[in-house]
Every structure is written in C-alpha cells, then in structure tokens.
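Residue numbers (the numbering used here): 2 to 593.
Even glycine gets a Cβ: it sits at the ideal position worked out from N, Cα and C.
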C-alpha cells in the first residue's frame, strides 16, 4: 500500500469518526449504545465520552469506580439495589444494597452527575449529608429515593439546606424515620426551582400546609406534588398558588356519612370546595369516597392520569367517575372495579395507554373482581393499550387470544390469577398464551402467574418460541417437568432478566437453561426442586457469573404448604463476588 492510499484511508477513518461523534449522542437506547461500542476502539471511546445516562439493574454487577472510569462525563445514574422480591418480604432484611460506596465514589471523583435515582437501597443520613455538602450536591438537580430505607428527616434536612439547585426530590414508598418537619420548612425557604416533590405513601405526618403553600408560591415551575396524609381541606391555599401544577397525589378526607340528603351533603362538602389549578390533569386523591367524588367531576374531562388505588370506591363509584373521563390515558385501581368497570373503560376511555389493577381486601373481592369477561371487553375497547397489569379471578384461552388479537401496541403484560377457586374449566392455557404472544409483537415485559395446571410443558415452550423481544419475564406455576424449562430455554433470544417461583424444575435443568439463555444477565428462582448441597447448580457456571443462595434454613417465608423456601439469585458481575454477603446467604459458584 503506497503513501497516498494510506493517507486516504486515514482521512476516511477520521471523517467517519467525526460523523459518529455527531451521531452517537442522539442514540439513546442502551442496547444500541452497547452494540455500537463493540464495533471498534474509536467507537468505544466515543460512547464513553458521550454517554450521559446509565441504568445499573443490580448494584453488585459493577462498582462506582469502574463505572465512572468507563463513562467519565456521566450526568444521570439510576441504580437498583435489592431484588424485587424484597417488596414482598421474600429476602432477609440484611440482604444488602447499600448506597454508601456509590455516594463516596461519586463525591470523591468530583463527578458531573446531576441526577441520581436509587431504587430499593439502604440509604443512611450520613450518605445524604456527604452528598449534600459536596460539590456534586451543589449541582444536583434530581434525587430519587425509590422504595429506600435507612434514613430519617435529618438526612433530608441536609438535602433541603445545601442542594439549592434541586428540581426533583422523590421519596415515594420510602421507609423514613420522622423526627420533625424541619426538612420541608427548609426546602420551602431555600428552594426556588423545585418542579417535582414526592413523599407519597410514606409515614411523614409532620407536614405543614403553610410550607406547601410557600413552595407553590416561590417555585413557579412546580408541576408535580405527591404528599402523604394531609387533610385536603387545608390545601386550598396551596392549590391557589400552584398555578403550574399538572399532577397531585395524596391528601386525605375526613369521614363523611354515606347516606345524607343533598342539602346536608353540600354543606359538608363546602370545606372541600377546592379550586384545582387550571393545568391539573394527573390526580390521585387518597381515601376519596363516593361522597367526595363530585369534587373531581369538575376536572374529570381533562384528566389524563388517575390513581384510585387508595380511593374508597366500590364498583358503582368507579363506573360513575370513569365515564366522565374520556381523555384518560393512565389508570391505577383495585380489582373491585369489576368487569362492569372494565366495560365502562372500554366504552368511554378509548385513549387508554396504561392500566394497573391491584388486589384489595377480601370484602372488596366479594363485591367485585375482574374475570375473563372484563378482559375481553377491555381488549376490544381500549386498543391503544401499551401496559396492562391485572389480577383476575378466572381466565380463559379465548380471553388471552382476544388480547393478542386487539392489543397490537402492548409492550408490558402482567396477569396474576388469584386463589378464588381451585379448578379452572379452561386449563391449560397453552393455546391462549401462544395466541397472545404471537399477536403482541411489541411485547418487552411479560409476567404470567397461574395456578397448578395452568400451563403445560408445551405451553412453556410456546413462551420461549414466541417471545423474541421480551427482555423481562416473571413466571409462576408454569410447566410440568424439566422438559418444559429446557424447551423454553431454546427461545427467548432477548431475555435478560428472569424471575420464577413455584416451579417444578430441578437444579440441573435450571443450570442448563441458564447456559442456553445467552442474553440472560439476572436470575431469581424460589420454590424449586432443591438439593441439600445445591451442587447441580455448578453446571450454570460462566465467566463473571455469580450465584448466591438463601438456604431453606435461613429463608424468611414459607409456601402454602408450610415448607420453608430456598432462593437462588444469579447475575453477571464485573466486580466479582460481593464482600457484604450476609451470613444467612452463601456463594455457590466462584467467579472464574
């Protein structure tokens, strides 16, 4: 090759790199970024210096030092700690997931990070103090503590006092020790740029409505406020001042009699004569009852998001309210909404994108539950659905086929069959599951929690074969034997995270399946065919593959038969075995 040719090739490479330096920052999908970084060294380096956000699905898969050296200009980090099972008390309290080493490294490295999101992690007051008083804290704009525990209002006081640039402070469902309400008062005095404040579903009760009103007056950009229990009648001044507010959640209502004449009722509701802000379109009023429901009617037509999970409504109340919400796109409610409520949604809420239905108490389920009839009506009426999560009392192949036929935009499907009856006439659901998966081509997340006999080995093989894009999967009571999981593992080419419970598979079959699922990065299994030593799991060994076991003798929960359950947690890690493994757990396979 002559000199001129060499120069031409060098110039072409330089030109291509210049082009990619301009293009790569606009590529946001992590999977696309990861693929690009593997093409060549120069693209790897371009990805390193242009990556602004990253999500770590498990805090033990890497270290803060490795991450910040790989991506020195990171501005946003989402970090998940404890497994999702901790939300259901399925792992020991001392499992781990400490945020301390991450905060220390972020602070010491003088990181440019402006947004931090910690989920299911243990956060201490000292962690928040260190973060708040550092240079990183001065520029911090977003702090999300999502289902975290270990800190108190003293730690929040440091954030309020020193993080003057913070725009989002999120603590939903956190376990927080409340010493006083000084943190909120300090936030009201010092902050003028707050856009989102969320301490919904916490035990924080020392909340001053005057502080909330002051925040609304000083922070012109406040668009979202979700609070703990605070009488809604005390928030009139807040609503008047929060002219830019688009979302409100929380509050509470004093008990009002359910059966009174209209004149008396109007007098009692005068204290709740709230003038909602003009832009409010996302609402979730805690303990909203049928008596207080007229408060919402005035803005119902403009609502796009409605949270009724903690409302005190029966089936009829849901129907009366929802038929006034033609622009609704997101709804969360309990299954007391019933089939009739789903029929109302199908008729009046054609723009629905996300639906989530959770269980209530047994008394509610005696009044109304969701069955295959409601699912069929919903599928035919709300064809724009992208996310559907529900508990059902019974299910049929025809209803699952209906989902696959009509919900072509569905990306997330989660179905849990509750224990209302012992026998189901249309079991197994093999053909229905196959039709659903074949019809919903955009599906990325799939959860199917059935009862014994709900899915045969053939049905499990269908899940593997017809889930080409699914990245996360939760399976409960599926399959009949090892053959099912082995056939399943021949498919699922994109599966990265798999959670299974109440399965009949042996350790050896699980190990072979993991080896076949080449994209798998995380595995959680409980209630499987355990051996005394767990030795058969050795067959799943891979480079950097860590397997941890919670032995049956240390597990915190039992199954329906009263048997103590063991758990497997396995994941890829660049950091090797963690050093804070509690004594109730043990490593099964060494990093190789």
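Practice task
Could you pull out every residue in the same chain whose Cβ sits closer than 8 Å to the Cβ of residue 302, ignoring the five residues on either side in sequence?
Solution key: 325, 326, 327 and 328
Problem - Environment of residue 508 [buried if 16+ CB atoms lie within 10 Å] - result: buried
Exercise for the section: Tell me residue 184's beta-bridge partners as DSSP assigns them. Expected result: Residue 184 pairs with nothing; no bridge assigned.
Exercise for the section: Give me whichever residues DSSP pairs with residue 388 in a beta bridge. Expected result: 355 and 413
Practice task
Mark residue 398 as exposed unless 16 or more other C-beta atoms lie within 10 angstroms of its C-beta, in which case mark it buried.
Solution key: buried
Handout entry: Span of the beta strand (DSSP E), counted from its first residue to its last, around residue 169
Key = 169-171
Problem - residue 500 (DSSP reduced to helix, strand or coil) - result: strand
Problem - Residue(s) in a DSSP beta bridge with residue 333 - result: 308 and 357
Problem - Residue(s) in a DSSP beta bridge with residue 103 - result: None; residue 103 has no bridge partner.
Handout entry: DSSP bridge partner residues for residue 86 (one or two, in chain order)
Key = Answer is none; residue 86 lacks a bridge partner.
Handout entry: Coarse secondary structure for residue 165, derived from DSSP in three states
Key = coil
Problem - C-beta contact flag for residue 402 and residue 436 at 8 Å - result: yes
Exercise for the section: Please report how far the alpha carbon of residue 114 lies from the alpha carbon of residue 245, in whole angstroms. Expected result: 27 Å
Handout entry: Residue span of the beta strand (DSSP E) that contains residue 505, given as start and end
Key = Looking at the DSSP string, residue 505 is not in any beta strand (DSSP E), and its letter there is neither H nor E.
Handout entry: Extent of the continuous beta strand (DSSP E) run through residue 152
Key = 150-153
Handout entry: Cα-Cα separation, residue 366 to residue 375
Key = 15 Å
Exercise for the section: Give the secondary structure of residue 28 by DSSP, where H, G and I count as helix, E and B as strand, and everything else as coil. Expected result: coil
Practice task
Could you work out which residue in 309, 345, 305 and 230 is closest to residue 321 when comparing CA atoms only?
Solution key: 345
Practice task
Please state whether DSSP places residue 576 in a helix, a strand or coil.
Solution key: coil
Exercise for the section: Identify every residue that forms a DSSP beta bridge with residue 477. Expected result: 450 and 502
Problem - residue 141 versus 116, 154, 536 and 162, residue with shortest Cα-Cα distance - result: 116
Problem - Euclidean distance between Cα positions of residue 565 and residue 505 - result: Note that residue 565 has pLDDT 49, beneath the 50 cutoff, so the model's placement of it is unreliable and the number below is only indicative. Those two C-alpha atoms are separated by around 15 Å.
Handout entry: Whole-number beta carbon distance between residue 234 and residue 218, since they are thought to touch under 8 Å
Key = 19 Å between Cβ atoms; not a contact.
Practice task
Starting from residue 116, follow the alpha helix (DSSP H) in both directions and report where the run begins and ends.
Solution key: First-last for residue 116: 116-120, but that is the beta strand (DSSP E), not the alpha helix (DSSP H).
Practice task
Count the CB pairs spanning the segment 170-180 and the segment 102-110 that are closer than 8 Å, and state whether there are at least three.
Solution key: no
Practice task
Count the CB pairs spanning the segment 79-87 and the segment 38-51 that are closer than 8 Å, and state whether there are at least three.
Solution key: no
Problem - Cutoff 6 Å; reference residue 147; Cβ partners in own chain excluding five residues on either side - result: 120
Exercise for the section: May I have the straight-line CA-CA distance separating residue 474 from residue 191, to the nearest angstrom? Expected result: 44 Å
Practice task
Put residue 145 into one of helix, strand or coil per three-state DSSP.
Solution key: strand
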